[in-house]
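Residue numbers (our numbering): 2 to 373.
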């Protein structure tokens, strides 16, 4: 029995270790409910009193904010009567009422003088997330509207496995970071003149030139007008040499040519080609293009002569046209009239000596006429 118990314990330990190794580090790595949640999100869900889907969504958004680098400073509840209740950062999240307004304060190591605030407003079945950044007298806000049922499964709130509660975490991660977290951090870093810690400008110069090399001339010039850093990148000779060889393949470039400014070389060749095209159009003889009038040669259908007018006199304008009935318009059909009945009408069958089918031979008249 002891050997069996030791073997069972060893299998459980191995399964626990494999589960921890397969645990994703970020929310965007969770593809479905069969995968475990990130450690931070799972611990928060197990320790906090989650009784409403909106609370579970707020926990997921808080974890996504920490993935960007934000640090929790505290949180505040605004009750329905207007009173507020502050909580320190060391206290776990809990809600006295699910319909109250919740605000979470953050800070970022790159911008210590800037305060960040994220508010959750419940408009069932949606939650509106407002992000606010404040630096001295400057403020900026970003908002995001989320449907709770798209990311939280209400039926599994009381389930002991929290990975069944959350769904579509990669989509939630992309929406929250692109709409709230990264815009807040980018605005704060630009106001405080801090070097950006995310985005295109944080990549190495080789990767930046590789990405810009896929742009055409128009897009490259548009990118150069964003800021001075992009202007310097967009003026790199490697980019303009690649564009020159791509757009002007007929121009011979000797390997011995020492071209220092490929952008100016591209500009001169572009203006020269444009001038040649204009001269070619100017030397062409002027030709008057006569467009055929399609309506002029179109087939005109044969039209019938007008219908002669009918007058109320005994004679109309056309003596040879048949005249419609006098007391009815020509488009109304002439219905047959029933002739007047005689005083003692004879039966129909008796007039022609023919009996209908099914009449007895001794009957002289048809059915219903035996009294005549």
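Ideal Cβ placement from N, Cα and C applies to all residues, glycine included.
What you are looking at is a predicted structure, and each value in this text was computed from that prediction instead of being measured.
Span of the beta strand (DSSP E), counted from its first residue to its last, around residue i
i	result
residue 148	139-148
CA-to-CA distance, residue j to residue i, given in whole angstroms
i	j	result
residue 231	residue 253	30 Å
residue 219	residue 268	13 Å
residue 233	residue 124	47 Å
residue 86	residue 153	27 Å
residue 35	residue 26	15 Å
residue 270	residue 241	12 Å
residue 236	residue 198	23 Å
residue 58	residue 33	16 Å
residue 265	residue 106	52 Å
residue 243	residue 251	14 Å
residue 177	residue 129	11 Å
residue 229	residue 108	29 Å
residue 91	residue 172	29 Å
residue 227	residue 80	45 Å
residue 24	residue 37	6 Å
Contacts around residue i, its chain only, beta-carbon distance under 8 Å, and the 5 residues preceding and following it disregarded
i	result
residue 41	64, 67
residue 60	42, 45, 46, 49, 51, 94
residue 96	50, 52, 53, 56, 78, 103
residue 395	The displayed coordinates of the chain run from 2 to 373. Any statement about residue 395 would go beyond what the structure contains.
residue 175	29
residue 73	63, 67, 90, 105, 106, 107
Own chain, CB closer than 6 Å to residue i, minus 5 neighbours either side, in chain order
i	result
residue 238	263
residue 76	88, 105
Own chain partners of residue i with C-beta closer than 7 Å, once the 5 adjacent residues on each side are dropped
i	result
residue 169	151, 152
residue 203	197
Endpoints, the alpha helix (DSSP H) within which residue i is located
i	result
residue 274	263-284
residue 232	229-235
residue 68	54-69
>> Check whether the region 130-143 and the region 152-165 are in contact - that is, three or more C-beta pairs closer than 8 Å.
In response: The region 130-143, when compared against the region 152-165, does not touch it at the 8 Å Cβ threshold.
>> Going residue by residue through the region 157-215, where are the continuous alpha helix (DSSP H) segments of at least 4 residues, counting only ones entirely within it?
In response: With a minimum length of 4 residues, the continuous alpha helix (DSSP H) runs that stay inside the region 157-215 are 170-177, 183-192, 206-213.
> Enumerated in chain order, which unbroken segments of the beta strand (DSSP E) with a length of 3 residues or greater are wholly contained in the region 77-136?
Replying inline: Here the runs fully enclosed are 85-88, 102-109, 112-124, 127-136.
> Hey, is the region 127-138 in contact with the region 208-222, meaning 3+ C-beta pairs nearer than 8 Å?
Replying inline: Output reads no: the region 208-222 does not touch the region 127-138.
> Any contact of the region 109-116 with the region 44-55, i.e. 3+ C-beta pairs under 8 Å?
Replying inline: no
>> I'd like the ranges of any alpha helix (DSSP H) spanning at least 4 consecutive residues and lying wholly in the region 22-49.
In response: Within the region 22-49, the complete alpha helix (DSSP H) segments at least 4 residues long are 40-48, listed from N- to C-terminus.
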